[in-house]
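In what follows, a single structure is set out as structure tokens and then discussed.
Structure (structure tokens):
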């Protein structure tokens, strides 16, 4: 039996992939725990989960809300300066305490929870990276000045909470990187490093609202899920309204479920059902297409079900994921800020009725399922434990 400590940021999309991996490890007889913000991790991991508390910057701080006009290099600098660096500082004491109490054989650190890798290296614990988005491998392509600036931040963090003698990037372990995608979506990945393992999405049951009105769905109409994920509600009102209008213009043959946690849309009307949250995995089994922001989890869960997409990236890794969708042939990209109901309707008609999009989505789905998902990730982690144990006994 081995112990695995998952170090995660207070971001739902970064926690969800760890749930399936953790479940697989537990089935194999191992012990699992998380280090993170209990209020976010606890409801997702379940009542029986062991969650070691870590602090985090106030998630409701208005200073963390980035204006839509902030894009590209400026957005990356904002993310690191206002959130990721303060998050690492805040999490480090909790991660140290978790390692001391739980005594993991391996720390599995999310790419954006860099305190995990830094603390693990300082304490001499083997660590792996959980790469919840493949865009992290290419985020700084073409912007060397920003890359150098972030490297400086990481260097300073390492002096305070890591091992000053190390030069390993805490966003990318030199021992094992679990990438929850495949080359069918990402493209050829030969330059990412020999330690990178593409395992496909980690799909596992998770808590979901139990009051969804399943009887509302009409089997005689195509169904579209429209969602901007869990972190974009403050900027989505215009876009969601345009999506709803595009569906209503096709209400003779189309229906949509719109996820609107902020309540910016009017009540459900016609063939548009508006909900603050949905049981996404179960709902995708009943859908024919997805309109979304290009969040890695939403895209991969849609493609897992072989569903074509219309993607409207907003920020962060989303433009990269949207480009992957387009290049794979599994969907179309539209402009979040400027797209109209007419344009959205045309894009929807294409992905629903032109067979090439669904065929490409099904190809990606096949690659996801063949990659092994959570089970493959668990096996790689077991091999890392065995490898590090063998190294200790080498003369």
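In our numbering, the protein residues as written are 1 to 395.
Don't be surprised by glycine CBs; every beta carbon is placed ideally from N, CA and C.
Identity of the residue in the options nearest residue i by Cα
| i | options | result |
| --- | --- | --- |
| residue 97 | 110, 36, 63 | 36 |
| residue 174 | 263, 393, 388 | 388 |
| residue 342 | 280, 52, 244 | 244 |
| residue 178 | 213, 194, 44, 26 | 194 |
| residue 48 | 26, 60, 59 | 26 |
| residue 184 | 270, 211, 152, 361 | 361 |
| residue 171 | 276, 108, 393, 262 | 108 |
| residue 223 | 252, 211, 241, 242 | 252 |
| residue 326 | 77, 337, 18, 364 | 364 |
| residue 345 | 318, 241, 296, 265 | 241 |
| residue 169 | 353, 148, 63, 239 | 148 |
| residue 57 | 298, 239, 42, 92 | 92 |
| residue 90 | 75, 7, 78 | 7 |
| residue 268 | 12, 301, 216 | 216 |
| residue 305 | 270, 367, 354 | 367 |
| residue 33 | 277, 125, 5 | 5 |
Neighbour flag for residue i against chain C, beta carbons, 8 angstroms
| i | result |
| --- | --- |
| residue 200 | Looking for chain C here will not work: only one protein chain is present. |
Bridge partner(s) assigned by DSSP for residue i
| i | result |
| --- | --- |
| residue 4 | 32, 106 |
| residue 269 | 272 |
| residue 243 | Answer is none; residue 243 lacks a bridge partner. |
| residue 214 | Answer is none; residue 214 lacks a bridge partner. |
Close beta carbons around residue i, own chain, < 6 angstroms, minus the five adjacent residues each side
| i | result |
| --- | --- |
| residue 2 | 30, 105, 385 |
| residue 228 | 236, 293 |
| residue 143 | 73 |
| residue 24 | 374, 375, 378 |
Beta-carbon proximity list for residue i, same chain, < 7 angstroms, skipping 5 on both sides
| i | result |
| --- | --- |
| residue 373 | 20, 199, 200, 201, 202, 203 |
| residue 59 | 10 |
Nonlocal neighbours in the same chain, by C-beta distance under 8 angstroms from residue i, ignoring five residues either side
| i | result |
| --- | --- |
| residue 351 | 289, 308, 309, 310, 331, 332, 357, 358 |
Alpha-carbon spacing of residue i relative to residue j, whole angstroms
| i | j | result |
| --- | --- | --- |
| residue 273 | residue 287 | 13 angstroms |
| residue 190 | residue 339 | 36 angstroms |
| residue 117 | residue 225 | 36 angstroms |
| residue 55 | residue 162 | 18 angstroms |
| residue 45 | residue 313 | 28 angstroms |
| residue 335 | residue 291 | 12 angstroms |
| residue 130 | residue 12 | 14 angstroms |
| residue 15 | residue 41 | 7 angstroms |
| residue 39 | residue 238 | 30 angstroms |
| residue 324 | residue 76 | 20 angstroms |
| residue 61 | residue 316 | 19 angstroms |
| residue 261 | residue 121 | 39 angstroms |
| residue 302 | residue 83 | 29 angstroms |
inquiry  = In chain order, what are the residue ranges of uninterrupted beta strand (DSSP E) at least 3 long that sit wholly in the stretch 274 to 315?
reply    = Fully enclosed beta strand (DSSP E) runs of no fewer than 3 residues occupy 289 to 292, 309 to 311 of the stretch 274 to 315, in order along the chain.
task = Would you mind listing the alpha helix (DSSP H) stretches within the stretch 147 to 189 that are 4+ residues and don't spill past its ends, in chain order?
result = Counting only runs of 4+ residues, the alpha helix (DSSP H) found wholly inside the stretch 147 to 189 occupies 183 to 186, in chain order.
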